[in-house]
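Undergrad: These protein sequences, in sequence, are chains A and B. Those letters in the first sequence? Residues 1 to 357, by the working numbering. Those letters in the second sequence? Residues 1 to 273, by the working numbering. I'd like to ask some things about the structure below.
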Amino acid sequence: MKSLVRVFLSIFIISFSLMGVAAWLNSSQGYSGGNTLTVYNWGDYIDPELLERFQKETGITVIYQTFDSNEAMLTKIEQGGTSFDVAVPSEYALAKMKQEHLLLPLDHSRLPNLKHVDSHFLNLSFDPDNQYSVPYFWGTVGIVFNPELTKGVDFHSWDGLWDPKLRNNLLLVDGAREIMGMSLNSLHYSLNDTNKAHLQQALTKLEKLAPNVKAVVGDEIKMLLANEEAAAGVVWSGDASEIMDQNDKLDYIVPDEGSNLWFDNMVIPKTATHVDAAHKFINFMMQPDVAAQNAEFVGYSTPNKDGKKLLPADISGDERFYPPSEITDKLEVYDNLGKRMLAHYNELFLQFKMHLK
Amino acid sequence: MANKNRFGNMYLVIVFLVLYAPILYLMYYSFNSGGTMHKFEGFTLQYYKEVFADTRLIIIVINTLVIALLSSALATIIGIMGALAIHQMQNRRVKNTLLSLNNVLIVNPDVIIGASFLILFTMAGIKLGFYSVLLSHIAFSVPIAVIMILPRLQEMSPSLVDAARDLGASRLDVLTKVILPFIKPGIYAGFFMALTYSLDDFAVTFFVTGSGYSTLSVEIYSRARQGVSLSINALSTLIFLFTVLLVVGYYFIMRKANRNGKKEPAAEMGVPR
Numbered sequence: 001m002k003s004l005v006r007v008f009l010s011i012f013i014i015s016f017s018l019m020g021v022a023a024w025l026n027s028s029q030g031y032s033g034g035n036t037l038t039v040y041n042w043g044d045y046i047d048p049e050l051l052e053r054f055q056k057e058t059g060i061t062v063i064y065q066t067f068d069s070n071e072a073m074l075t076k077i078e079q080g081g082t083s084f085d086v087a088v089p090s091e092y093a094l095a096k097m098k099q100e101h102l103l104l105p106l107d108h109s110r111l112p113n114l115k116h117v118d119s120h121f122l123n124l125s126f127d128p129d130n131q132y133s134v135p136y137f138w139g140t141v142g143i144v145f146n147p148e149l150t151k152g153v154d155f156h157s158w159d160g161l162w163d164p165k166l167r168n169n170l171l172l173v174d175g176a177r178e179i180m181g182m183s184l185n186s187l188h189y190s191l192n193d194t195n196k197a198h199l200q201q202a203l204t205k206l207e208k209l210a211p212n213v214k215a216v217v218g219d220e221i222k223m224l225l226a227n228e229e230a231a232a233g234v235v236w237s238g239d240a241s242e243i244m245d246q247n248d249k250l251d252y253i254v255p256d257e258g259s260n261l262w263f264d265n266m267v268i269p270k271t272a273t274h275v276d277a278a279h280k281f282i283n284f285m286m287q288p289d290v291a292a293q294n295a296e297f298v299g300y301s302t303p304n305k306d307g308k309k310l311l312p313a314d315i316s317g318d319e320r321f322y323p324p325s326e327i328t329d330k331l332e333v334y335d336n337l338g339k340r341m342l343a344h345y346n347e348l349f350l351q352f353k354m355h356l357k
Numbered sequence: 001m002a003n004k005n006r007f008g009n010m011y012l013v014i015v016f017l018v019l020y021a022p023i024l025y026l027m028y029y030s031f032n033s034g035g036t037m038h039k040f041e042g043f044t045l046q047y048y049k050e051v052f053a054d055t056r057l058i059i060i061v062i063n064t065l066v067i068a069l070l071s072s073a074l075a076t077i078i079g080i081m082g083a084l085a086i087h088q089m090q091n092r093r094v095k096n097t098l099l100s101l102n103n104v105l106i107v108n109p110d111v112i113i114g115a116s117f118l119i120l121f122t123m124a125g126i127k128l129g130f131y132s133v134l135l136s137h138i139a140f141s142v143p144i145a146v147i148m149i150l151p152r153l154q155e156m157s158p159s160l161v162d163a164a165r166d167l168g169a170s171r172l173d174v175l176t177k178v179i180l181p182f183i184k185p186g187i188y189a190g191f192f193m194a195l196t197y198s199l200d201d202f203a204v205t206f207f208v209t210g211s212g213y214s215t216l217s218v219e220i221y222s223r224a225r226q227g228v229s230l231s232i233n234a235l236s237t238l239i240f241l242f243t244v245l246l247v248v249g250y251y252f253i254m255r256k257a258n259r260n261g262k263k264e265p266a267a268e269m270g271v272p273r
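Shown next as structure tokens:
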């Protein structure tokens with residue numbers, strides 16, 4: 001009995017002293033106290049130095065929390081329990097949050113730095129007049145390929161994917177909108193097309209792609225491509241930049257027919273308790289030098305046109321990630337097609353997947 | 001016979017290789033200056049420096065340890081009481097029902113426990129953070145503690161208690177001087193089981209964290225979206241070495257205790273029966 005009491009007492013003492021250490025570390029970092037701001041962002045999606053700088057400039061301490069998928073973030077915000085002051089959903093999640101009244105409208109008079117954002121990326125279909133959101137990063141869907149293994153295949157058109165040379169050597173991301181959209185684009189239709197005959201055509205075309213497809217995979221596509229398990233893959237540009245960081249033999253291209261344009265956006269959820277600080281933070285992130293530093297750290301494309309000018313030329317001049325206007329004009333944002341149409345897209349995509357061996 | 005033995009040994013070696021290879025692989029690359037996991041370029045301690053410089057990560061590690069220690073200690077204490085209560089139950093039917101309810105909680109998927117806790121806490125208006133994580137960890141550890149302690153109780157001969165009572169021991173004496181010492185191995189086993197469950201729990205914790213409070217499993221998972229950085233390898237290596245140290249320490253303490261007391265060694269090692 002005595003030894004039991006001793007053991008449990010020492011466990012409690014150890015954990016309380018550890019708690020003390022944590023509290024001390026927290027306060028030395030300024031994480032506790034009233035003047036805070038809770039930011040909910042994707043993992044590794046900000047330069048930590050910027051958080052320190054924001055704290056120094058405004059005296060507001062940022063509590064930084066991360067999530068790994070839009071769905072996870074949505075659930076946490078919907079349920080409440082924690083007050084997130086700033087969150088960073090992708091555009092389709094943003095549309096959903098708007099529908100479910102989970103967002104506070106932004107006060108544009110408190111966001112003077114909005115003028116630095118490229119007007120191409122403002123006032124888009126998922127959030128007219130940027131009532132609820134400002135863009136954080138953007139990107140495209142395109143093709144990562146290994147020039148050595150795909151010699152003679154021209155990826156300037158989506159049709160390059162159908163080249164018989166790529167037999168059993170192509171990876172696709174597991175997304176109905178992405179893959180159906182790519183097929184629609186290759187037929188010169190909009191990737192928001194709701195015409196059932198067009199969609200059927202897209203499916204027929206996809207089924208012809210089947211012999212080339214090695215696998216339809218999730219996040220592991222990055223690792224597989226970087227390890228040269230396949231000669232080419234259809235991925236998001238953010239993933240592409242990471243893959244190319246790991247393996248510089250690879251290249252990325254957005255085909256000429258057009259493609260998807262995606263956004264991650266800063267919003268203020270309804271549960272926010274520090275609305276003023278949230279505006280300050282969003283405004284701070286739109287400051288050109290901040291946006292530039294962040295883009296350099298994260299590696300995604302910044303929508304901040306004045307920030308882009310501050311980037312080293314080899315980044316801002318990289319047409320793969322900052323495509324020229326001939327291509328950006330053809331890029332499309334996913335519209336919210338409604339539940340039924342989305343189900344139809346999923347159904348067709350599933351048919352395609354079943355078609356694969 | 002010797003042949004048979006060799007086959008057995010080989011099998012054992014293969015099993016251990018499979019178990020340890022990923023960990024060794026991970027440790028090896030934590031020293032890679034190349035920054036990725038596919039080509040080893042040179043030796044560096046840079047990622048270890050990064051770990052120690054990252055205060056936020058260290059706070060998260062401490063959080064994880066505090067939650068694990070506190071929740072498993074509290075859960076063990078609650079579990080002792082629960083096991084005693086179930087053991088003393090006279091009605092067979094009620095006793096079996098309680099036991100099955102306890103077992104259902106163990107096999108219940110973590111995701112469901114996590115989601116229901118999230119709903120409960122938000123409905124009750126409890127702020128998500130340290131306490132919500134602690135409470136849910138205690139909750140899923142209690143059944144584990146109970147199931148580790150009960151077998152020891154059932155093993156105990158009832159005449160032991162009777163004899164103590166006959167010799168004039170009070171109820172409290174019986175509990176503290178007879179029962180608890182007898183079930184001590186079960187208690188330790190329950191505690192360590194709960195500790196490991198709590199340390200690596202992701203599903204439940206993910207649902208109930210909030211307000212900047214995070215544990216290691218949740219943090220590593222959300223960082224993995226950008227590819228796991230080698231500093232995570234470095235941290236994992238440190239934690240692994242720390243666990244090895246704990247196990248070795250535990251082994252020596254037990255050996256010393258055995259030499260002094262000559263108690264049942266198997267039970268003392270915390271092997272559940």
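Ideal placement from N, C-alpha and C gives every residue a C-beta, glycine not left out.
Please report the straight-line C-alpha distance between residue 146 of chain A and residue 251 of chain A, rounded to a whole angstrom.
TA: The sequence position of residue 146 of chain A within the first sequence is 146, counting from 1. The sequence position of residue 251 of chain A within the first sequence is 251, counting from 1. Taking the straight line from one Cα to the other gives about 6 Å.
Undergrad: Given that residue 222 of chain B touches chain A, what residues does it touch there, using C-beta distances under 7 Å?
TA: Position 222 of the second sequence holds residue 222 of chain B. Chain A residues near residue 222 of chain B: 43, 66, 67, 68.
Undergrad: Based on the DSSP secondary-structure assignment, which residues constitute the bridge partners of residue 65 of chain A?
TA: Walking along the first sequence from the start, residue 65 of chain A turns up at place 65. A:40.
Undergrad: Is it right to say residue 14 of chain B is buried, meaning 16 or more other beta carbons lie within 10 angstroms of its own, or is it exposed?
TA: The residue you call residue 14 of chain B lines up with position 14 of the second sequence. Looking at its Cβ environment, which holds fewer than 16 other Cβ atoms inside 10 Å, residue 14 of chain B is exposed.
Undergrad: On the DSSP letters alone, give me the boundaries of the alpha helix (DSSP H) that residue 258 of chain A sits inside.
TA: In the first sequence, the residue the question calls residue 258 of chain A occupies position 258. Run containing residue 258 of chain A: none; DSSP gives neither H nor E here.
Undergrad: Residues of chain A with CB under 7 Å from residue 184 of chain B, in chain order?
TA: Within the second sequence, numbered from 1, the residue matching residue 184 of chain B stands at position 184. Those within 7 Å of residue 184 of chain B in chain A are 4.
Undergrad: Kindly provide the ranges of any alpha helix (DSSP H) runs that are 4 or more residues long and lie completely inside the stretch 119-203 of chain B, ordered along the chain.
TA: 130-155, 158-166, 180-200, all fully within the stretch 119-203 of chain B.
Undergrad: Do residue 41 of chain A and residue 287 of chain A come within 7 Å of each other at the CB atom, strictly closer than that value?
TA: Looking up residue 287 of chain A in the first sequence gives position 287. Looking up residue 41 of chain A in the first sequence gives position 41. The answer is no: Cβ separation not under 7 Å.
Undergrad: How many Å lie between residue 157 of chain B and residue 97 of chain B at the Cα?
TA: Counting from one through the second sequence, the residue named residue 157 of chain B turns up at place 157. Counting from one through the second sequence, the residue named residue 97 of chain B turns up at place 97. Cα to Cα, the separation comes out at about 23 Å.
Undergrad: Please list, in chain order, the chain B residues whose beta carbon lies closer than 9 Å to that of residue 73 of chain A.
TA: For the purposes of this step, residue 73 of chain A is taken as residue 73 along the first sequence, with counting starting at 1. Result: empty, since nearest Cβ-Cβ is about 10 Å, beyond 9 Å.
Undergrad: Alpha carbon to alpha carbon, how far is residue 197 of chain A from residue 184 of chain A?
TA: Counted from its first residue, the first sequence places residue 197 of chain A at position 197. Counted from its first residue, the first sequence places residue 184 of chain A at position 184. About 11 Å.
Undergrad: Please report how far the alpha carbon of residue 249 of chain A lies from the alpha carbon of residue 225 of chain A, in whole angstroms.
TA: Position 249 of the first sequence, counted from the start, is the residue given in the question as residue 249 of chain A. Position 225 of the first sequence, counted from the start, is the residue given in the question as residue 225 of chain A. Going from the Cα of residue 249 of chain A to the Cα of residue 225 of chain A covers about 11 Å.
Undergrad: Could you tell me whether any Cβ in chain B is nearer than 7 Å to the Cβ of residue 327 of chain A?
TA: For this step, residue 327 of chain A is matched to residue 327 along the first sequence. Chain B, which has no Cβ nearer than 7 Å to the Cβ of residue 327 of chain A, makes this no.
Undergrad: What did DSSP end up calling residue 7 of chain B once you bin it into helix, strand or coil?
TA: Counting from one through the second sequence, the residue named residue 7 of chain B turns up at place 7. In this structure, residue 7 of chain B counts as helix in the three-state DSSP scheme.
Undergrad: DSSP three-state call for residue 292 of chain A: helix, strand or coil?
TA: Translated into the one-based positions of the first sequence, residue 292 of chain A becomes position 292. The answer is helix: DSSP assigns residue 292 of chain A an H, G or I state.
Undergrad: If we count Cβ pairs, one from each stretch, closer than 8 Å, do we get three or more for the stretch 115-135 of chain A versus the stretch 203-220 of chain A?
TA: Cβ pair count under 8 Å is below three, so no.
Undergrad: Measuring only between beta-carbons, confirm whether residue 231 of chain A sits less than 7 Å from chain B.
TA: If you number the first sequence from 1, residue 231 of chain A lands on position 231. With 7 Å as the cut-off, residue 231 of chain A does not count as an interface residue toward chain B.
Undergrad: On a CA-only basis, which of B:130, B:125, B:91, B:136 is nearest residue 105 of chain B? Give me that one, please.
TA: For the purposes of this step, residue 105 of chain B is identified with residue 105 of the second sequence, where counting begins at 1. Checking every option, the nearest Cα to that of residue 105 of chain B belongs to B:136.
Undergrad: As an exercise, report each continuous beta strand (DSSP E) stretch of at least 3 residues that is fully enclosed by the stretch 214-245 of chain A, in chain order.
TA: List check, beta strand (DSSP E) in window: 232-236.
Undergrad: Touch check for the stretch 54-63 of chain B and the stretch 245-256 of chain B: three-plus C-beta pairs under 8 Å?
TA: The answer is no - the stretch 245-256 of chain B does not touch the stretch 54-63 of chain B, with fewer than three Cβ pairs under 8 Å.
Undergrad: Cα-Cα, which of A:16, A:247, A:48 is closest to residue 144 of chain A?
TA: For this step, residue 144 of chain A is matched to residue 144 along the first sequence. Per the Cα distances, A:247.
Undergrad: Under the DSSP definition of a beta bridge, which residues are partnered with residue 41 of chain B?
TA: As a position in the second sequence, residue 41 of chain B is number 41, starting the count at 1. DSSP output for residue 41 of chain B lists no bridge partner at all.
Undergrad: In this structure, how does DSSP classify residue 1 of chain A when only helix, strand and coil are distinguished?
TA: The sequence position of residue 1 of chain A within the first sequence is 1, counting from 1. Here residue 1 of chain A sits in coil by DSSP.
Undergrad: How would you list, in chain order, the residues of chain B whose beta-carbon sits under 7 Å from the beta-carbon of residue 26 of chain A?
TA: Position 26 of the first sequence, counting from 1, holds the residue named residue 26 of chain A. By Cβ distance, chain B contributes 59.
Undergrad: Whole angstroms is fine: what's the gap from residue 155 of chain A's alpha carbon to residue 201 of chain A's?
TA: Along the first sequence, read from residue 1 onward, the residue named residue 155 of chain A stands at position 155. Along the first sequence, read from residue 1 onward, the residue named residue 201 of chain A stands at position 201. Roughly 21 Å separates the two Cα atoms.
Undergrad: Under 8 Å Cβ-Cβ, which residues of chain A neighbour residue 187 of chain B?
TA: Numbered from 1 along the second sequence, position 187 holds the residue referred to as residue 187 of chain B. The contacting residues are 4.
Undergrad: So who's on the other strand from residue 303 of chain A, going by DSSP bridges?
TA: In the first sequence, counting from the first residue as 1, residue 303 of chain A sits at position 303. DSSP output for residue 303 of chain A lists no bridge partner at all.
Undergrad: Looking at the unbroken beta strand (DSSP E) that takes in residue 71 of chain B, where does it start and where does it end?
TA: Position 71 of the second sequence holds residue 71 of chain B. Per DSSP, residue 71 of chain B belongs to no beta strand (DSSP E); it is in the alpha helix (DSSP H), 55-88.
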